[in-house]
Amino acid sequence: MSSPTISGPIHTWTFGIRTYELDLNRHVKVTAFLNYMEEVATQASAALGFDYHWYMQSGTLWVARKHTIRFYEPLAYPNELHAQTWISDIRRVQSHREYRFHRASDNAPIFAARTNWVYINAMTLRPERVPDDIAKGVIYRDDKGLEDLDTGIREPSAVDKPYIYSEKRRAEWHEIDSAGHVNNGVYVTWAEEAIRNMLRAAGWTDERLVEVGVAMRPHAHEIEYFRSTLYDEPIQIMCKLTDIGQDRAAWLIEIRHAATDEMLCKDVCVRTFTDAQGPRSIPDDMLLALRQP
Numbered sequence: 019m020s021s022p023t024i025s026g027p028i029h030t031w032t033f034g035i036r037t038y039e040l041d042l043n044r045h046v047k048v049t050a051f052l053n054y055m056e057e058v059a060t061q062a063s064a065a066l067g068f069d070y071h072w073y074m075q076s077g078t079l080w081v082a083r084k085h086t087i088r089f090y091e092p093l094a095y096p097n098e099l100h101a102q103t104w105i106s107d108i109r110r111v112q113s114h115r116e117y118r119f120h121r122a123s124d125n126a127p128i129f130a131a132r133t134n135w136v137y138i139n140a141m142t143l144r145p146e147r148v149p150d151d152i153a154k155g156v157i158y159r160d161d162k163g164l165e166d167l168d169t170g171i172r173e174p175s176a177v178d179k180p181y182i183y184s185e186k187r188r189a190e191w192h193e194i195d196s197a198g199h200v201n202n203g204v205y206v207t208w209a210e211e212a213i214r215n216m217l218r219a220a221g222w223t224d225e226r227l228v229e230v231g232v233a234m235r236p237h238a239h240e241i242e243y244f245r246s247t248l249y250d251e252p253i254q255i256m257c258k259l260t261d262i263g264q265d266r267a268a269w270l271i272e273i274r275h276a277a278t279d280e281m282l283c284k285d286v287c288v289r290t291f292t293d294a295q296g297p298r299s300i301p302d303d304m305l306l307a308l309r310q311p
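For reference, each letter of the sequence shown is one residue, going 19 to 311 in the numbering used here.
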């Protein structure tokens, strides 16, 4: 059973994962973690007196400008997660919120994240100064600065002439949230699907990965949002492999308005590779397939 509590500036929440949050590998989906982030942040704000109805009455809301997300290990069912969230800095119209998720049974780190939130007027969609009552009530200042979540690739090598995969779609009704635009987590779904579709187009299906004994896992996402996507807008998604390292590879996914070419979202997705011996580099045949001839 969920049991949200508040202790000083750090809000905590312990909850059980649900079967419908699992992917085909029986691990919690990437998008489910973004849902957890949204829920625990909403709880933390409400615990300090700023709940959903307060924002509705004030005509303001927080929108995400950037998510930095780091995965430590997959989480299977059944398990409970212990979540913590706090504000690491707050400025005139924006703040950074930290998230840490640990497996409740042994306190093993599962997931960490940071969101750069911008406070805006719901009607004009323009930034507004964060009210003093919010700033004084939620601030938790870390004198050491923002923690490095180790989302990148150590000593990366740029991929020469990467193959560029592209696909089109439209923003669908079920992807729209209560704020009237595509939910933040949906962009991650689009990015993950683009990588999967790109690999399939290059001959690297899930079945082939199993045959060669290679596992590929999410390591990190760095997602920047430039403009909200509205219902039925045409979307163009571009995906390419940009950098490789000892056991990691990075893809750049750009999500644009298909008619105007306006940038809507950009995601740098890093994945790790392992085989029976442990961490390994991207397979040579895969790297070759993801380059232009």
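Even for Gly, the Cβ is constructed at its ideal location relative to N, Cα and C.
Enclosing beta strand (DSSP E) for residue 139 [first to last residue]: Reading the sequence shown from its first residue, position 121 is the one you call residue 139. Element bounds for residue 139: 127–139.
Buried or exposed by the 16-neighbour rule on C-beta atoms within 10 Å, applied to residue 244: Looking up residue 244 in the sequence shown gives position 226. Classification of residue 244: exposed, given that the 10 Å Cβ count is below 16.
Identified DSSP bridge partners for residue 258: Working through the sequence shown from its first residue, we reach residue 258 at position 240. According to DSSP, which records beta bridges pairwise, residue 258 is partnered with 270.
For residue 52, the three-state DSSP class (helix, strand or coil): Position 34 of the sequence shown holds residue 52. In the three-state scheme derived from DSSP, where H, G and I count as helix and E and B as strand, residue 52 is classed as helix.
Through-space distance from residue 264 to residue 32, alpha-carbon basis: If you number the sequence shown from 1, residue 32 lands on position 14. If you number the sequence shown from 1, residue 264 lands on position 246. Approximately 35 Å between the Cα atoms of the pair.
Between the CA atoms of residue 71 and residue 143 - distance to the nearest angstrom: Looking up residue 143 in the sequence shown gives position 125. Looking up residue 71 in the sequence shown gives position 53. For residue 143 and residue 71, the distance between alpha carbons rounds to 18 Å.
Buried versus exposed call for residue 236 [16 or more other C-beta atoms within 10 Å across all chains shown]: In the sequence shown, residue 236 corresponds to position 218, counting from 1. Residue 236 is buried by the Cβ-count criterion.
Under 7 Å between C-beta atoms of residue 136 and residue 83: Position 118 of the sequence shown, counted from the start, is the residue given in the question as residue 136. Position 65 of the sequence shown, counted from the start, is the residue given in the question as residue 83. Using a Cβ distance threshold of 7 Å, residue 136 and residue 83 count as a contacting pair.
Alpha carbon of residue 198 to alpha carbon of residue 273, nearest angstrom: As a working mapping, residue 198 is identified with position 180 in the sequence shown. As a working mapping, residue 273 is identified with position 255 in the sequence shown. Cα-Cα distance, rounded: 18 Å.
Distance between beta carbons of residue 189 and residue 250, contact taken as under 8 Å: Counted from its first residue, the sequence shown places residue 250 at position 232. Counted from its first residue, the sequence shown places residue 189 at position 171. Between residue 189 and residue 250 the Cβ distance is about 6 Å, and since that is below 8 Å, they are a contact.
Residue 24 - DSSP class collapsed to helix/strand/coil: Residue mapping note: residue 24 aligns to position 6 of the sequence shown, counting from 1. Caution applies to residue 24, whose pLDDT of 39 falls short of 50 and renders its modelled position unreliable; the model cannot decide the point.
Residue 132 beta carbon less than 7 Å from that of residue 103: If you number the sequence shown from 1, residue 103 lands on position 85. If you number the sequence shown from 1, residue 132 lands on position 114. No, these two residues do not count as a Cβ contact at 7 Å.
Through-space distance from residue 295 to residue 19, alpha-carbon basis: What you label residue 19 is simply residue 1 of the sequence shown in a count that begins at 1. What you label residue 295 is simply residue 277 of the sequence shown in a count that begins at 1. In this prediction, residue 19 scores a pLDDT of 41, lower than 50, which makes its location untrustworthy; no coordinate-derived value is stated.
Pair within 7 Å by beta-carbon distance, residue 138 and residue 145: What you label residue 138 is simply residue 120 of the sequence shown in a count that begins at 1. What you label residue 145 is simply residue 127 of the sequence shown in a count that begins at 1. Yes, the Cβ-Cβ distance between residue 138 and residue 145 is below 7 Å.
Residue environment, residue 303, which counts as buried when at least 16 other CB atoms sit within 10 Å: In the sequence shown, the residue the question calls residue 303 occupies position 285. Exposure of residue 303 is indicated by the presence of fewer than 16 other C-beta atoms within 10 angstroms of its C-beta.
Separation of residue 216 from residue 224, as counted between CA atoms: What you label residue 224 is simply residue 206 of the sequence shown in a count that begins at 1. What you label residue 216 is simply residue 198 of the sequence shown in a count that begins at 1. Inter-residue distance for residue 224 and residue 216 is about 12 Å (C-alpha atoms, whole angstroms).
Residue range of the unbroken beta strand (DSSP E) whose run includes residue 206: On the sequence shown, position 188 is the one that residue 206 refers to. Looking at the DSSP string, residue 206 is not in any beta strand (DSSP E); the run it does join, the alpha helix (DSSP H), is 202–219.
Distance, residue 219 Cα to residue 195 Cα: Within the sequence shown, residue 195 is the residue found at index 177, counting from 1. Within the sequence shown, residue 219 is the residue found at index 201, counting from 1. Residue 195 and residue 219 have their C-alpha atoms roughly 31 Å apart.
Where residue 192 sits in the DSSP three-state scheme: One-based indexing of the sequence shown puts residue 192 at position 174. The answer is helix: DSSP assigns residue 192 an H, G or I state.
Continuous beta strand (DSSP E) stretch holding residue 240: start and end: Here residue 240 refers to the residue found at position 222 of the sequence shown. Here the beta strand (DSSP E) through residue 240 covers 233–243.
Cβ-based neighbour list, residue 270, same chain, cut-off 7 Å, excluding 5 preceding and 5 following: Locating residue 270 in the sequence shown gives position 252, where the first residue counts as 1. Excluding the 5 residues flanking it on each side, residue 270 has same chain C-beta neighbours closer than 7 Å at 258, 260, 286, in chain order.
Option in 109, 95, 230 with minimal Cα separation from residue 298: Walking along the sequence shown from the start, residue 298 turns up at place 280. Nearest to residue 298 by C-alpha distance, out of 109, 95, 230, is 230.
Sub-7 Å separation of residue 278 and residue 233 beta-carbons: Reading the sequence shown from its first residue, position 260 is the one you call residue 278. Reading the sequence shown from its first residue, position 215 is the one you call residue 233. In this structure, the beta-carbon distance from residue 278 to residue 233 does not fall below 7 Å.
Test item: CB-CB of residue 65 and residue 29 under 7 Å: As a working note, residue 65 is residue 47 in the sequence shown. As a working note, residue 29 is residue 11 in the sequence shown. Yes, they are a contact pair.
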